[in-house]
Amino acid sequence: MLTEPKKQTCLRVAVSLPVENTYTYAVPDLLAERVEVGMRVLVPFGKRMVTGYVLEVTPSPDIEQPLKEVADILDPFPLFHRNMVPFFEWVSRYYLHPVGSVIRNALPGGINQDSFKSAVLTPKGAEALDEGKVTTSEKECLLWVKDHPGARLPRRLHSVYPLQERGFLELIDCVPGNRSGPLLRRFIKARDRTQLGEIVESLGTARAGARNETPFLKKFLSGKEILLSEICREFKNGRYLVGKWVKKGVLEDFEAPVSRNPAGECIIPWIRPEVLLHQQVSALHYVERCLKRKRFSACLLYGVTGSGKTEVYLRAIEEVIRTGRQAILMVPEISLANYMFGVFSSRLGDRISIYHSALSRGERYDQWLRLVKGEVDLVIGPRSAVWAPVPNPGLIIVDEEHDTAYKQENPPRYQARDAAVVRARMEKAVVLLGSGTPSVQSYYHSLSGQYHLIRMPERVEKRPLPEIELVDMKTEIENGGKGRILSTKLKEALGGELRNGNQVLLFLNRRGYHRLYVCLSCGKTMQCPNCDVALIHHQDNHLRCHYCGFHDALSAECPSCHGKRLKPYGFGTERLEDELRKLFPGVRAARMDTDSTRRKGSAAKILRGFGAGEIDILVGTQMITKGYDFPNVTLVGVIAADLSLGFPDFRAGERTFHILSQVAGRAGRGAKKGKVIVQTFNVDHYAIKTAITHDYDAFFEKERELREALEYPPFSHMTCLRIKGNSKEKTAESAHLLGEAMKEIVAGWPRRGKEIRILGPAEAPLFRVKGKYRWQILVKSRKAAMINHLVEAVDRLFRGKLQSKGVQLSVDVDFYQMN
């Protein structure tokens with residue numbers, strides 16, 4: 087009887103390169119039993135070896151052409167679970183980004199192992215170099231290889247392949263090791279506790295010199311493994327004693343992985359209230375019913391600032407943990423993730439993880455492994471937490487769901503809030519979107535029945551919402567206040583609160599000291615040489631570009647006309663902090679913005695100091711508007727409320743309303759009444775008027791009316807195609823070529839084409855950034871699938887042609903920035 091030949095195991099693999107397709111590889115028999123979905127593998131791709139991610143294990147397909155084989159398996163266990171594969175593929179399809187690159191972005195950095203070319207000099211090559219039988223460029227190449235054996239070849243060495251053909255060089259494919267991995271530490275333990283006990287007893291009656299050895303050896307009687315570093319801290323001669331007793335065979339030493347502590351000592355007491363408000367009980371009952379059903383459910387928790395949403399989150403998480411599933415809590419800022427980690431640790435213990443990009447590679451690696459192994463019940467983080475590889479998520483919470491920080495501006499350009507909803511649907515989990523000022527999109531979905539709306543309209547302990555007072559800066563200037571940062575009203579209020587021992591938050595969404603320097607001789611602004619933006623003056627007397635990072639010392643003369651009449655205009659957080667110290671000598675002021683929180687742990691240090699009452703006034707950008715609870719803050723000042731209204735974006739009004747409402751919500755969260763003073767030049771703008779009256783419904787109705795008339799989201803989907811290049815002329819030509827091609831394709835769709843609108847091409851609002859000229863084309867339709875179909879067609883046709891002209895095309899689905 088004939089037996090069928092054994093079919094070879096095959097893998098569907100996504101490679102970590104910007105290529106659209108997945109690929110099938112055969113698995114050698116030696117590796118077949120070890121391989122699982124979610125592992126990384128090393129695979130041949132073209133002339134190189136690259137990291138791939140296993141999406142599926144399949145029998146060999148019925149094709150005649152032999153398959154390439156997997157070279158190696160890179161992991162002892164999967165780095166993500168099988169149930170995450172459909173999620174990765176959805177993100178890839180919807181946001182038009184290769185699935186391998188999506189997974190690469192999701193995994194902790196430093197673990198991909200793509201091969202690179204290196205070279206060694208052959209004897210023939212060394213001889214040619216010594217005898218001068220090569221050209222100048224060939225000599226440069228041979229000398230570089232001689233000085234850098236085994237190093238990655240730089241692209242500038244164009245002579246490599248001709249020199250290889252002549253036998254002067256040997257090219258080698260190199261695969262680097264992981265740059266991230268477990269942190270190994272040296273441990274010591276007893277080999278035989280009985281033998282050790284006898285030795286300790288005998289030492290007790292032995293010579294006096296053994297006094298130090300007896301307590302040393304007693305530490306190991308329990309059989310526990312002890313860190314060598316801990317022993318050396320306790321015993322000055324610890325390293326000597328360890329060496330001595332290991333040599334005698336009484337103790338043994340070994341290396342083992344330890345988990346890095348990414349948050350440090352970061353516990354913020356959060357007392358469990360004995361009695362909940364009726365609105366909290368009602369919200370919890372609904373969420374708990376959804377959790378028990380173990381089906382997908384999407385809820386919008388609309389609770390005013392200070393209404394007790396955090397307690398609802400805590401108890402919902404406790405409930406999901408009781409059911410044996412895990413929770414993901416997403417927050418918009420890394421600093422807020424650290425704060426929430428401290429709050430939740432005080433109630434939920436140590437089975438909590440924090441995950442974000444500010445952790446070191448090693449810390450991210452450790453936390454990822456804890457998650458994938460099921461050692462964590464709750465993970466807290468910003469938008470990257472949506473990738474958390476927990477085995478069985480039952481609840482995903484997106485706090486401050488309205489925040490634009492959930493949209494990633496670099497590839498893959500995903501919206502983490504929307505992705506969280508999709509992941510919850512795939513995992514049959516509950517997604518809870520929380521906000522005191524919901525996004526127009528989410529609130530619209532709740533009114534249309536797509537999300538269940540839960541309202542929490544009252545503050546805890548019936549505390550009133552803070553009184554908001556508007557200061558018209560036009561009137562302030564007319565009354566002699568030109569050039570002042572603080573209005574008379576805000577200055578007086580500040581003095582009063584400081585005298586009463588209260589704390590103050592001052593919000594200004596502009597970094598730096600002066601906003602720009604202008605030459606009074608020629609009228610030119612100090613501009614960035616790489617971008618179409620003014621350079622910002624900082625306190626260290628440097629001018630900086632906040633787009634490309636260019637910086638230069640402030641010169642005494644104009645670079646254009648060499649005039650010496652340079653004048654600063656405008657102000658940022660640095661100047662505001664400086665002004666406060668002059669106005670209120672001895673005041674304890676601190677600043678929280680991107681510049682002051684670059685160092686790891688600096689944001690947490692500022693927040694701890696403010697929470698402990700060591701800081702009187704905290705000045706900050708939008709980082710300070712998010713979800714913090716400081717009971718002693720009785721005054722919030724908004725320095726320039728209309729800054730965000732100047733953005734060329736249909737969401738400018740919404741952004742302004744959110745920021746004002748959120749920062750105002752930081753006042754009066756304790757027993758003392760809160761007050762907010764808002765300085766603006768646009769007192770009649772609907773976003774500002776509705777924010778100061780806490781009237782979200784009026785704001786939403788106005789926004790809904792405007793967006794429906796203009797067919798903006800949520801009444802449509804919009805995608806932005808960005809075209810950028812070094813040549814001004816070629817970039818403009820390519821943008822127009824692309825725009826015409828898109829219109830021709832749409833014209834060829836008699837029925838579907840009418841449902842798509844193409845706006846542009848047009849110069850981007852910031853025409854030049856990082857030395858590249860920028861154009862954009864906007865595509866609008868009620869159906870996202872139609873936009874994606876059009877963009878995919880155009881991308882296939884034109885990406886190669888554009889690249890040959892030195893022009894790049896990028897696609898931003900559901901874009902948020904119009905800069």
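For the sequence shown, the working numbering assigns the number 87 to the initial residue and increments by one for each residue that follows. From the three backbone atoms N, C-alpha and C, an ideal C-beta is built for every residue, glycine too. Note that the structure is a prediction, hence the values are computed from the model and not measured.
Apply the 10 Å Cβ neighbour rule to residue i and answer buried if 16 or more other Cβ atoms are within range, or exposed otherwise.
{"i": "Lys668", "result": "exposed"}
{"i": "Pro104", "result": "exposed"}
{"i": "Gln151", "result": "exposed"}
{"i": "Ala750", "result": "buried"}
{"i": "His183", "result": "buried"}
{"i": "Phe174", "result": "buried"}
{"i": "Thr707", "result": "buried"}
{"i": "Val206", "result": "exposed"}
{"i": "Leu37", "result": "This structure gives no information on residue 37, because the portion of the chain shown stretches from 87 to 905."}
{"i": "His623", "result": "buried"}
Spatial neighbours of residue i within its chain, please: CB distance less than 6 Å, with the 5 preceding and 5 following residues excluded, ordered by chain position.
{"i": "Phe321", "result": "Phe302"}
{"i": "Gly138", "result": "Val99, Val101, Val127 and Val129"}
{"i": "Phe901", "result": "Cys806"}
{"i": "Ser607", "result": "Cys647, Gly649 and Arg651"}
{"i": "Leu845", "result": "Leu864"}
{"i": "His780", "result": "Leu551"}
{"i": "Ser532", "result": "Leu386 and Leu539"}
{"i": "Phe636", "result": "Cys614 and Asn616"}
{"i": "Gln625", "result": "Tyr599 and Glu660"}
{"i": "Gly83", "result": "This structure cannot settle anything about residue 83, because the visible part of the chain is limited to 87 through 905."}
{"i": "Leu559", "result": "The question names Leu, but residue 559 is Met in the sequence shown. Within the same chain, Met559 has close Cβ partners Gln765 and Phe767."}
{"i": "Met512", "result": "Pro172 and Phe173"}
{"i": "Ala821", "result": "Ile809, Pro847 and Trp861"}
{"i": "Ser178", "result": "Val185 and Val188"}
{"i": "Val516", "result": "Cys376, Leu377, Ser383 and Leu481"}
Measuring alpha carbon to alpha carbon, tell me which residue in the options is nearest residue i.
{"i": "Lys548", "options": "Gly756, Met904 and Arg509", "result": "Gly756"}
{"i": "Ala471", "options": "Ile710, Arg674, Gln453 and Leu533", "result": "Gln453"}
{"i": "Arg437", "options": "Phe427, Asn565, Arg843 and Cys227", "result": "Phe427"}
{"i": "Cys614", "options": "Ile403, Asp638 and Leu594", "result": "Asp638"}
{"i": "Asn616", "options": "Leu314, Ala212, Gly857 and Ala214", "result": "Gly857"}
{"i": "Val246", "options": "Leu153, Glu224, Met872 and Asp626", "result": "Glu224"}
{"i": "Pro524", "options": "Ala510, Arg837, Glu513 and Pro543", "result": "Pro543"}
{"i": "Leu141", "options": "Glu797, Val188 and Lys575", "result": "Val188"}
{"i": "Asp735", "options": "Glu826, Asn323, Arg450 and Leu796", "result": "Leu796"}
{"i": "Leu519", "options": "Tyr492, Arg545, Val705 and Leu662", "result": "Tyr492"}
{"i": "Tyr772", "options": "Lys334, Leu792 and Ala753", "result": "Leu792"}
{"i": "Val893", "options": "Val398, Tyr859 and Glu119", "result": "Tyr859"}
Identify whether residue i lies in helix, strand or coil by the three-state DSSP scheme.
{"i": "Arg238", "result": "coil"}
{"i": "Leu313", "result": "strand"}
{"i": "His488", "result": "coil"}
{"i": "Leu824", "result": "helix"}
{"i": "Pro851", "result": "strand"}
{"i": "Glu299", "result": "helix"}
{"i": "Tyr139", "result": "strand"}
{"i": "Val865", "result": "strand"}
{"i": "Cys227", "result": "helix"}
{"i": "Ile482", "result": "strand"}
{"i": "Ala642", "result": "coil"}
{"i": "Asp158", "result": "strand"}
Go through its chain and collect everything with a Cβ distance to residue i's Cβ below 7 Å, but skip five positions before and after it.
{"i": "Leu282", "result": "Ala276, Leu303, Phe306, Leu307 and Val336"}
{"i": "Met170", "result": "Pro475"}
{"i": "Glu794", "result": "Phe801"}
{"i": "Lys395", "result": "Leu387, Gly389, Gly520 and Met542"}
Going along the chain, which residues of its own chain have a beta-carbon closer than 8 Å to the beta-carbon of residue i, five neighbours each way excluded?
{"i": "Leu824", "result": "Leu807, Ile809, Pro847, Ile863, Val880, Phe884, Leu888 and Leu895"}
{"i": "Val121", "result": "Thr95, Leu97, Val113, Val127, Val140, Val143, Val156 and Ile159"}
{"i": "Leu314", "result": "Arg271, Arg272, Phe273, Ile274, Gly324, Arg325, Val328 and Asp339"}
Say whether chain D places a C-beta atom closer than 9 Å to the C-beta of residue i.
{"i": "Leu652", "result": "Protein chains in the displayed structure number just one, and chain D is not present."}
Pairs of beta-carbons, one from the region 756-772 and one from the region 543-558, closer than 8 Å: are there three or more? Below 8 Å, enough C-beta pairs join the region 756-772 and the region 543-558 to call them touching: three or more.
Report yes or no: do the region 849-856 and the region 878-885 share at least 3 C-beta pairs separated by less than 8 Å? Short answer: they don't touch.
Can at least three beta-carbon pairs, one atom from the region 460-471 and one from the region 403-413, be found at a separation below 8 Å? Using a Cβ-Cβ distance cut-off of 8 Å, the region 460-471 and the region 403-413 are in contact, since at least three pairs of beta carbons, one from each stretch, lie closer than that value.
Touching or not, the region 564-582 and the region 619-631, by the rule of three or more beta carbon pairs under 8 Å? Too few Cβ pairs lie closer than 8 Å, so no.
Any contact between the region 716-735 and the region 581-595? By contact I mean 3 or more CB pairs, one from each, below 8 Å. Taking 8 Å as the limit for Cβ pairs, the verdict is that the region 581-595 does touch the region 716-735.
Taking 8 Å as the cut-off, does the region 373-388 touch the region 419-426 (at least 3 CB pairs, one atom from each stretch)? No: fewer than three Cβ pairs fall under 8 Å.
How do the region 662-676 and the region 696-710 stand: do at least 3 beta-carbon pairs fall below 8 Å, yes or no? Taking a cut-off of 8 Å for Cβ pairs, the region 662-676 and the region 696-710 touch, as three or more such pairs fall below it.
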